[in-house]
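Just so you know, this note's numbering puts the end of the sequence shown at 385, numbered straight through with nothing missing. Don't be surprised by glycine CBs; every beta carbon is placed ideally from N, CA and C.
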Amino acid sequence: MTARLLCIGEILVEMVADEVDQSNLAPGGWRGPYPSGAPAILADQAALCGAEVSLVGSVGADDFGAACLARLRASGVGLDRVRVDETGTTGVAFVSYRSSGERSFVFHLPETASGRFRLTEPEAALGGVDCVHLMGSSAFSPAAVEALLEVDAAAAALGVRTSFDPNLRPEMLNRPEYVAALRRILGRAWLVLASEGELPALLGDGTDARCAARLLAGGAELVVVKRGAAGASLFRRGADEVRVPGLAVDEVDPTGAGDCFGGTFLALHLGGMDAAEALRYANVAGAMAVTRRGPMSGNRTFAELQAVERSLTPA
Ligand code: ATP
Ligand code: MG
């Protein structure tokens with residue numbers, strides 16, 4: 071069974087600072103452009119894992135946009151709903167890592183062509199789709215929030231399931247109208263894929279486990295909490311938490327791991343695999359993602375994930 075997934079949101083390139091603790095206030099070395107954007111990374115990985123993916127987005131008519139589209143096309147992502155906007159440029163994110171483990175981002179996004187994603191013809195786009203994936207990182211402007219809410223409402227009207235990764239940027243929490251929109255999307259999601267601490271931040275209190283229980287009681291079917299190097303947890307109604315420990319890998323670049331994890335989970339579970347088994351492969355995919363520099367560079371096909379998984383299992 072082939073999973074049919076629709077993703078919406080930002081497609082941009084990322085520049086990665088050469089040095090840890092590199093200042094944004096002085097000249098330094100940057101590597102890139104790497105194709106990026108959380109929904110694009112997820113779409114790329116889901117396609118590599120065999121899903122039929124349609125991505126809704128927008129890029130500028132420039133080399134950065136072309137580089138993103140070439141990468142996504144090569145992975146098998148459907149790009150019919152990506153607009154090449156002649157009137158703007160492709161978004162750019164500059165990311166540098168801090169020795170504290172934090173990341174510093176400078177985004178050129180809301181005002182760019184990448185910020186102008188919108189789903190046109192929702193009935194045609196959502197017909198036959200198993201799930202629509204939405205991400206909080208895409209809520210970076212009033213127009214973008216409106217585009218997300220429109221898709222969410224269209225999915226609700228047509229009875230299409232949604233999955234949601236809050237992927238919160240700290241600055242969003244200071245915008246009550248954005249938080250309200252993300253809560254609305256969260257409240258009707260079938261699947262929630264959150265990082266540790268995001269659900270308490272969004273719902274205002276509790277632990278991840280308590281928030282997961284609340285969401286399950288409210289109608290969600292699956293809640294996954296991603297815990298970085300510590301692995302991940304799956305919560306299902308009426309079942310015990312399933313935990314997978316993180317694999318021991320050398321972390322080179324953590325950006326995109328969550329999206330790679332999510333793309334794997336969605337492709338495999340929507341394709342018919344049990345959620346606990348899909349979680350295991352998603353955990354492998356997330357671990358592989360951090361071993362390469364560049365947000366999509368660590369994405370792997372399902373066959374490659376199976377090979378890694380086999381190498382981990384004692385014969
Ligand atoms: P991002 O939003 O930056 O893409 P995230 O916060 O959504 O990341 P993480 O929890 O950082 O997601 O990573 C997703 C998954 O990838 C983890 O649940 C885990 O399975 C795997 N993973 C991430 N970092 C590591 C690591 N250092 N070692 C092993 N596995 C990792
Ligand atoms: Mg994330």
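Checklist entry - Are V295 and A327 touching if we call contact CB-CB under 7 Å? => result Taking 7 Å as the Cβ cut-off, V295 and A327 do not qualify as a contacting pair.
Checklist entry - What residues in its chain sit with their C-beta under 8 Å from that of L218, if we drop five residues either side in the sequence? => result Excluding positions up to five away in sequence, the list reads I78, G79, L204, S208, A209, A251, I255.
Item to check | Delimiting residues of the beta strand (DSSP E) encompassing G102 | outcome: Taken as a continuous stretch (DSSP letters only), the beta strand (DSSP E) holding G102 covers 100 to 106.
Next on the checklist: Restricting to Cα atoms, I'd like to know which of R380, H339, G301 is closest to A357.
Outcome noted: Checking every option, the nearest Cα to that of A357 belongs to G301.
Next on the checklist: Taking only three categories from DSSP, how would you classify D330?
Outcome noted: Note that residue 330 is Cys in the sequence shown here, rather than Asp. Here C330 sits in helix by DSSP.
Next on the checklist: Using a Cβ-Cβ cutoff of less than 7 Å, which residues in the same chain neighbour C330 once the five nearest sequence positions on both sides are dropped?
Outcome noted: These residues qualify, in order along the chain: I111, Q115, A355, G356, A359, G368, N369.
Item to check | C-alpha gap between D344 and A337, whole angstroms | outcome: D344 and A337 have their C-alpha atoms spaced approximately 11 Å apart.
Next on the checklist: Can you confirm whether the stretch 370 to 378 touches the stretch 146 to 161 when touching is taken to mean that 3 or more C-beta pairs between the two stretches lie within less than 8 Å?
Outcome noted: Look at the beta carbons and you see the stretch 146 to 161 not touching the stretch 370 to 378: under three pairs across the two are nearer than 8 Å.
Checklist entry - the ligand ATP heavy atoms versus the CB of E247: any closer than 6 Å? => result Because no heavy atom of the ligand ATP lies under 6 Å away, the Cβ of E247 does not count as near it: no.
Next on the checklist: In whole angstroms, give me the CA-to-CA distance for N353 and D133.
Outcome noted: About 33 Å.
Item to check | Run of the alpha helix (DSSP H) containing V354, from where it starts to where it stops | outcome: Its alpha helix (DSSP H) spans residues 345 to 359.
Checklist entry - Just reading off the beta strand (DSSP E) that D278 is part of, what are its end residues? => result Looking at the DSSP string, D278 is not in any beta strand (DSSP E); the run it does join, the alpha helix (DSSP H), is 278 to 288.
Checklist entry - Taking 6 Å as the cut-off, is the CB of G171 close to at least one heavy atom of the ligand ATP? => result For the ligand ATP, not one heavy atom lies less than 6 Å from the Cβ of G171.
Next on the checklist: Tell me the rounded alpha-carbon separation between Y248 and A121.
Outcome noted: Computed Cα separation, rounded: 30 Å.
Next on the checklist: Taking 7 Å as the threshold (C-beta atoms), are P270 and Y104 in contact?
Outcome noted: The Cβ atoms of Y104 and P270 lie no closer than 7 Å to each other.
Checklist entry - What residues match up with Y167 in a beta bridge as DSSP calls it? => result Note: Y167 sits in a beta bridge opposite R173.
Next on the checklist: Judging by CA-CA distance, which residue of L317, A282, E156, A73 is the nearest neighbour of D310?
Outcome noted: Answer by Cα proximity: A282.
Checklist entry - Sorry if obvious, but does the Cβ on R297 come closer than 6 Å to a heavy atom of the ligand ATP? => result True, at least one ligand heavy atom lies under 6 Å from that Cβ.
Next on the checklist: Taking 8 Å as the limit between beta carbons, can you name the residues of its chain near R239, skipping five residues before and five after?
Outcome noted: Excluding residues within five positions, the ones whose Cβ falls inside 8 Å are F175, G206, S207, F210.
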